[in-house]
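Colleague: One structure is given below, represented as structure tokens, and several questions about it will come after.
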Amino acid sequence: MSAVQEKQDLYFERFAALAQERETREPAWLREIRHAAMDRFGELGFPTTKHEEWRFTNVAPIARTAFAPARPFAAVVGPEGLFLSVGGSWVATCNVLIFVNGRYTPELSHLELSQQNARIGSLAEALGGKGVSSDSALKKHLARHAGYDDHAFVALNTALFEDGALIEIAPNTVVERPLALFFVTIPGSEPAMTHPRNLIEVGAGAQASFIELHVGFDRPDLPIAIPYFTDAVTEVVAGENAIVDYTRIQQETEHGYHVGIVQTEQGRSSSVTTHSIALGGRLDREEVRAVLNGEGAEALLHGLYVIGGHQHVDNHTL
0 MSAVQEKQDL YFERFAALAQ ERETREPAWL REIRHAAMDR FGELGFPTTK
50 HEEWRFTNVA PIARTAFAPA RPFAAVVGPE GLFLSVGGSW VATCNVLIFV
100 NGRYTPELSH LELSQQNARI GSLAEALGGK GVSSDSALKK HLARHAGYDD
150 HAFVALNTAL FEDGALIEIA PNTVVERPLA LFFVTIPGSE PAMTHPRNLI
200 EVGAGAQASF IELHVGFDRP DLPIAIPYFT DAVTEVVAGE NAIVDYTRIQ
250 QETEHGYHVG IVQTEQGRSS SVTTHSIALG GRLDREEVRA VLNGEGAEAL
300 LHGLYVIGGH QHVDNHTL
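Heads up: the sequence shown at position 35 corresponds to 34 in numbering that gives the first Met the number 0, and the numbers run straight through without jumps.
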């Protein structure tokens with residue numbers, strides 16, 4: 000057995016353990032999707048530079064590292080310290096959902112948006128709540144847009160994700176302040192991985208801005224820096240005449256590996272603008288996939304990357 004195959008088997012062991020836990024707390028339709036995604040990951044395996052779409056991105060460091068699920072970690076800094084770590088207090092002006100090591104942390108989050116016109120919170124909590132089997136937004140959109148048939152990392156995320164943001168903006172609602180989804184990784188004593196999953200639905204005629212941030216922190220109390228891996232997928236559904244502005248910022252440490260996919264699905268006459276900004280990470284793959292599913296739909300894709308040393312960033316659009 001090759002070293003890569005041995006490491007890949009660890010993901011199947013993790014999936015088996017999670018599947019047993021989820022047997023009674025997740026709807027059957029989602030469990031079926033998860034099993035199909037894990038099977039597909041097994042068929043695809045990690046991509047290599049022999050694959051056309053990955054010829055400039057060598058993910059061998061990810062494939063050969065035994066990443067364990069990131070453990071819960073008490074935040075070592077408060078919200079102000081987190082905000083300053085990404086360049087200033089501007090994040091404090093947003094509605095903020097903070098996730099530490101892949102888990103929603105309500106005590107650090109800050110929400111002032113009326114829940115009458117929006118549903119904002121933890122995806123894990125929604126999936127574990129009553130009525131989830133008939134939850135129309137979840138059943139209609141979760142894992143329905145970001146396809147895993149041709150993408151190993153989307154398949155892996157779909158099978159293994161535990162938490163992320165669930166946001167629904169009611170039709171004709173104008174959200175004045177941006178919504179920030181802040182994902183913080185604080186590694187432990189072994190290589191760790193997280194699989195954030197976000198589902199955002201902006202109703203017909205609604206307007207909203209979002210900022211998705213991924214930030215890593217090195218542990219000064221550890222003798223060496225520990226590598227970590229973030230495999231993130233966001234699905235954005237924009238209804239007819241909706242206007243969405245989506246900014247994605249990746250600012251991992253120099254020991255972080257990051258694969259991030261934003262998949263948008265747009266209705267008639269909708270407008271979605273995405274800004275993909277890559278500033279950190281040792282190896283980073285950024286993808287924006289847009290589906291214009293209606294006459295007059297408009298997608299604007301902007302990007303910026305600033306790297307140096309041994310960093311590698313690969314940007315793809317579809």
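Built from N, CA and C at the ideal position, the CB exists for glycine as well.
#1: For the candidate residues 191, 66 and 121, whose alpha-carbon lies nearest to that of residue 106?
#2: At what residues does the alpha helix (DSSP H) containing residue 40 begin and finish?
#3: How many whole angstroms separate the CB atoms of residue 192 and residue 216, which I take to be in contact at a CB cut-off of 8 Å?
#4: Please identify the residue among 236, 224 and 248 whose C-alpha is closest to the C-alpha of residue 214.
#5: For residue 293, which of 212, 188, 47 and 241 has the nearest alpha-carbon?
#6: Exposed or buried, what is residue 188 when buried is set at 16 or more other beta-carbons lying within 10 Å of its beta-carbon?
#7: Can you have a look at residue 257 and say buried or exposed, based on whether 16 or more other CB atoms are within 10 angstroms of its CB?
#8: Terminal residues of the continuous alpha helix (DSSP H) containing residue 156?
#9: Could you check if residue 186 belongs to the surroundings of the ligand FAD, using beta carbon to heavy atom distance under 6 Å?
#10: So for residue 291, helix, strand or coil by DSSP?
#11: So for residue 260, helix, strand or coil by DSSP?
#12: Anyone know if the C-beta pair for residue 289 and residue 283 falls short of 7 Å?
#13: Could you please give the first and the last residue of the uninterrupted beta strand (DSSP E) stretch that includes residue 231?
#14: Decide if the segment 28 to 44 is in contact with the segment 165 to 182; the criterion is three or more beta carbon pairs, one per stretch, under 8 Å apart.
#15: Pop quiz: residue 152 and residue 230 are said to be a contact at Cβ under 8 Å. What is the actual Cβ separation, rounded to whole angstroms?
#16: Here's the rule: buried if 16 or more other CB atoms are within 10 angstroms of the residue's CB, otherwise exposed. What is residue 24?
#17: What's the call for residue 234, buried or exposed, on a 16-neighbour Cβ count within 10 Å?
#18: Below 6 Å CB to CB, which residues in the same chain sit around residue 183 once its five sequence neighbours on both sides are set aside?
#19: Name the DSSP beta bridge partners of residue 271, please?
#20: Between the beta-carbon of residue 261 and the beta-carbon of residue 298, is there less than 7 Å?
#21: May I have the straight-line CA-CA distance separating residue 111 from residue 6, to the nearest angstrom?
#22: Tell me the rounded alpha-carbon separation between residue 67 and residue 29.
#23: Counting only the same chain and skipping the five closest in sequence on each side, list residues whose C-beta sits under 7 Å from that of residue 267.
#24: Should residue 71 be labelled buried (16 or more other beta-carbon atoms within 10 Å of its own) or exposed?
#25: Helix, strand or coil for residue 218? Go by DSSP, reduced to three states.
#26: By a C-beta neighbour count over all protein chains shown, 10 Å radius and 16 as the cutoff for buried, is residue 83 buried or exposed?
#27: Quick check on DSSP: helix, strand or coil for residue 83?
#28: Between the C-alpha atoms of residue 96 and residue 163, what's the straight-line distance to the nearest angstrom?
#29: At what residues does the alpha helix (DSSP H) containing residue 123 begin and finish?
#30: Could you pull the DSSP bridge partners for residue 313 from this structure?
#31: Which first and last residues belong to the alpha helix (DSSP H) in which residue 59 is found?
Modeller: On the basis of the data shown:
#1: 121
#2: 27 to 43
#3: Wrong, their Cβ atoms sit about 16 Å apart, outside the cutoff.
#4: 248
#5: 241
#6: exposed
#7: buried
#8: 151 to 159
#9: No copy of the ligand FAD occurs in the structure displayed, which carries no ligand at all.
#10: strand
#11: strand
#12: no
#13: 227 to 237
#14: no
#15: 5 Å
#16: exposed
#17: buried
#18: 99 and 214
#19: 243 and 298
#20: no
#21: 43 Å
#22: 23 Å
#23: 239, 293, 294, 295 and 296
#24: exposed
#25: coil
#26: With a pLDDT of 49 at residue 83, under the threshold of 50, the modelled position of that residue is not reliable, and no figure is offered here.
#27: Confidence at residue 83 is low in this model, with a pLDDT of 49, below 50, so its placement is unreliable and the value that follows should be read with caution. Residue 83 falls in the helix class under three-state DSSP.
#28: 9 Å
#29: 122 to 126
#30: 284
#31: 59 to 62
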